[in-house]
Amino acid sequence: MSTIERAEVFVASPGRTFVTLRITTSDGVTGLGDATLNGRELAVASYLQDHLVPLLIGKDPARIEDMWQYLYKGAYWRRGPVTMTAISAVDTALWDIKGKVAGLPVYQLLGGRSRDGVMVYSHASGTDVPSLLDDVQRYLDLGYKAVRAQAAVPDVGGTYGVRKGTVYEPAASTLPDEQPWDTEAYLRFAPTYLDAVRERFGFGFHLLHDVHHRLTPIEAARFGKRVEDAQLFWMEDPTPAENQEAFRLIRQHTTTPLAVGEVLTSIWDVQHLITEQLIDYVRTTVVHAGGITHLRRIFDLAALYQVRTGSHGATDLSPVSLAAAVHVDITVPNFGIQEYMGHVDETGEVFRSGVTFADGMLHPSEEPGLGVEYDEKAAERFPYEPRYLPVARRLDGSVHDW
Ligand code: KDG
Ligand code: MG
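Residues in the sequence shown are numbered consecutively from 26, following the working numbering.
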C-alpha cells in the first residue's frame, strides 16, 4: 500500500503571501493544497506543521473522506478558519494525488463535466465614476460576461474596493491600515454608480456589487430595493452572516439576489441561509471551507434549495485553490459563477497552473490531478513578508465591519 511519506509546508510571498502544503507518497506522487488565510497565514502554517503533518505520515493517501473525518472530528475543536483552512489543504492535496494516481483530471473523479466552461467575474473599480466606467469597459473588452463594480465614496477618504496596481489587493500594509467609513455617504453614492454602469453599457452582461458586511439588515434592505433597476446578478455580503436570521429581513424587502459565504468555513455556517432560502448564491471556497470534500457537501445541500454557487476567488486564494475551484465548478449542477481576480506575474513564477481563460470563462487543466505545480526554488526568491488587511473605522472613531 502506498502511504504518505512526507508533508511540507511552504510560506512564500510572490507578490502576496501564500501557504502551500505538498504531500508526497511512498510511490513518489505529490499533491498540492492551498492553506492561505489572508493576514493570519502563519497560524495555519503552524497548525499544519506542528499538529497535522505528524498525523499524516504513514496514512493511506487514498482514504480522503476518512482523513477529513479524522482531522475534523479528531481535533475535538470544531470549525473556524484556521482549522478549516488546514483541513482544506490536506483534502485538496489528497484529491490531487488521487487524480494523478488515476491518470485523470480531478473533475473527472467528481463526475465529469456538467458544462463547457466556468463563467467568471472580475473586479472593476475606480476612484470616481468616470474611472470606474473606464475599468468596466476594460473588462468587457477582455471578454468578461460578468463584472463587479466598486468605487471610492467621495469625500470619505477610504478607497475600499479600489484597485491600486494591476490586481485588486486589499492586504497591503505591514500593520493594518485604518480607513474611514461613512454608511450614509455610501448608501447615497453606490446606487448612482451602479445606475451609471447600466446607463453606459446596458444590460448585456452581469453586474455584481460587494457590500463587504458594512450594512445593518434594514440598511441592506433599503440598498437592495434602491438598486433593483440595475438588475444586479448579486448583492454580496450585505450584512455579517454570523446573524443568519438577518437575511430574512433583507429578503422581505428586496428581490435583489443575495450572495454570502466567503468568510464562512463549514456547512453548519450556511445551513439556515440555505435551507430557509435566505440567499441565492453561496460563496464558500475550497480553501476555507474544508477542501473539495466539504465544499461538495455544501453545494449539494444548496442544490436542494435552488441556491447556486459563487465561490470566492480573490488574489489571496492561490492558483492551487483556483484550479481546485474550477474542477468543482465544472461538475456541480448548481454552479452559478466563479470569482476570478487573477494574480500578479511573480505568483506565476512560483505556481504553474494549467487553468486557462477564454471568452469570459475558465477551463480546467486536462492533466492528471489539479494540474498545478509548485516551484520551490522560485519560491525561495520571495521570502515571507507580513501583510494585513485594512481596518474600517466610522467617522466617530469606532471600528466598523470589514
Ligand atoms: O482576504 C480578503 C479578500 O479576499 C476580500 O477582501 C475580497 O471581498 C473580497 C471579494 O469578494 O473578493
Ligand atoms: Mg467579497
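Just so you know, even glycine gets a beta-carbon here, dropped at the ideal spot from N, CA and C. Quick caveat, the model's predicted, so the values are computed rather than measured.
The beta-carbon separation of T45 and V345, rounded to 7 angstroms, stays under the 8 angstroms limit for a contact.
The beta carbon of E203 sits closer than 6 angstroms to those of V416, R418, all from its chain and outside the five residues before and after it, given in chain order. The criterion of a C-beta distance shorter than 9 angstroms is not satisfied by G40 and T356.
Taking 8 angstroms as the upper bound for CB-CB distance, P86 and S27 are in contact here, some 6 angstroms apart. Contact check for V172 against V161 passes: the beta carbons are separated by less than 9 angstroms. Contiguous beta strand (DSSP E) elements confined to the region 33-99 occur at 43-50, 55-59, taking only those with 3 or more residues. S346 sits in a helix when the DSSP states are folded into three classes. Inter-segment contact for the region 371-380 and the region 395-413 is present: three or more beta-carbon pairs are separated by less than 8 angstroms.
In the pairwise beta carbon analysis, the region 189-206 is classified as not touching the region 260-276: fewer than three pairs are separated by under 8 angstroms.
Distance from P201 to Y413 at the Cβ level is roughly 4 angstroms; contact confirmed, criterion being Cβ atoms closer than 8 angstroms. For V295, the enclosing alpha helix (DSSP H) stretches over residues 292-300. Distances taken from the Cβ of G338 to the heavy atoms of ligand 1 include one shorter than 8 angstroms. In chain order, I292, V295, V307, T309, A314 place their CB closer than 7 angstroms to the CB of I323, counting only its own chain and leaving out the 5 sequence neighbours on each side. In this structure, DSSP gives V332 a state outside helix and strand, which the three-state scheme calls coil.
Per DSSP, L414 lies in no alpha helix (DSSP H) segment and is marked neither H nor E. For L129, the shortest C-beta to heavy atom distance toward ligand 1 is 8 angstroms or greater.
Scanning the region 186-232 from its first residue to its last, the whole alpha helix (DSSP H) runs of 4-plus residues come out as 208-226. L298 sits buried, since 16 or more C-beta atoms from the chains shown fall within 10 Å of its C-beta. DSSP places D235 within a strand segment (E or B) once states are collapsed to three. Taking a contact as a CB-CB distance under 8 angstroms, the pair S343 and D59 counts as one, their CB atoms being some 4 angstroms apart. Nearest to V126 by C-alpha distance, out of S156, G136, T49, K250, is T49.
If the five residues before and after K123 are omitted, its C-beta is found closer than 7 angstroms to the C-beta atoms of A87, I89, L134, all from its own chain and listed in chain order. Residue environment analysis places G168 among the exposed positions, since fewer than 16 neighbouring C-beta atoms fall within 10 angstroms of its C-beta. Secondary structure remark: continuous alpha helix (DSSP H) runs of at least 4 residues inside the region 101-167, in chain order: 106-127, 131-134, 154-166. When the beta-carbon positions are compared, A111 and R47 stay at least 9 angstroms from each other. Ligand 2 has no heavy atom closer than 8 angstroms to the beta-carbon of D254. By the neighbour-count criterion, in which 16 or more other beta carbons inside 10 Å mark a residue as buried, F228 falls on the exposed side. Leaving aside the five residues that flank G128 on each side, the residues in its chain whose CB is nearer than 6 angstroms to its CB run, in chain order, P393.
In the three-state scheme derived from DSSP, where H, G and I count as helix and E and B as strand, I362 is classed as coil.
Under the DSSP assignment, E261 falls outside any alpha helix (DSSP H), being part of the beta strand (DSSP E) whose first and last residues are 259-261. Secondary structure note for T372: it is in no beta strand (DSSP E), and the uninterrupted alpha helix (DSSP H) holding it is 370-375.
Of the candidates Y218, T290, L347, the residue whose Cα lies closest to the Cα of L257 is Y218. When C-alpha distances from I317 are compared across K84, V36, R65, M109, the shortest belongs to M109. Just so you know, the alpha carbons of F214 and Y164 end up roughly 22 angstroms apart.
Between the C-alpha atoms of E66 and N268 there is a straight-line separation of about 26 angstroms.
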